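Peer 1: Please see the structure below; I have some questions.
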Amino acid sequence: MTTSGGSGIQLNVEEFTTLAADVNDLAEALGTMRRYAGGDQLTEAHFGTVQSAADTGNAFLATVSSLATSIGRAQSFATAAHTALLEATAATSAADEQVAGIVRNTGGSPSS
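Residue 1302 is where the sequence shown starts when you use the numbering used here, and the numbers rise one by one after that.
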């Protein structure tokens, strides 16, 4: 977003579209991380039957579960941000086209 000589704000649609794609990539990567962290690769049995090892395993699994929950929240935020960026870009582009049409219909130039 840039200002145009103090008279307004211009939205660079290409930059926002690229940003939206990057945020979407982040959301997808977070989803992969969440699936991996929430998977069933490790169980208590992997830590042995000695009580201290079992306690360590339980603590580790609880931490992984907490991490998966946090990653899920980050993924939800990134997904919502991606949607909001796309909607803002589309709304701004539509408004720009509408204003340009009005200017043309009144005999002016969209760039004036």
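We put the beta carbon where it would ideally sit given N, CA and C, even for glycine. Nothing here was measured: the structure is a model prediction, and the numbers come from that model.
So, with DSSP's three-state summary, where would you put Gln-1376?
Peer 2: If DSSP states are grouped into helix, strand and coil, Gln-1376 belongs with the helices.
Peer 1: Between which two residues does the alpha helix (DSSP H) harbouring Val-1324 extend?
Peer 2: Taken as a continuous stretch (DSSP letters only), the alpha helix (DSSP H) holding Val-1324 covers 1314-1338.
Peer 1: Measure the Cβ-Cβ separation of Ala-1379 and Val-1324 and say whether it is below 8 Å.
Peer 2: Yes.
Peer 1: Cα-Cα, which of Arg-1405, Thr-1390, Ala-1382, Arg-1336 is closest to Gln-1418?
Peer 2: Nothing can be reported for residue 1418: it is not among the residues displayed for the chain, which extend from 1302 to 1413.
Peer 1: State yes or no: is the C-beta of Leu-1331 within less than 8 Å of the C-beta of Gln-1376?
Peer 2: Result yes, Cβ atoms of Leu-1331 and Gln-1376 sit closer than 8 Å.
Peer 1: Buried or exposed: where does Ala-1363 fall if 16 or more other Cβ atoms within 10 Å of its Cβ makes it buried?
Peer 2: Classification for Ala-1363: exposed.
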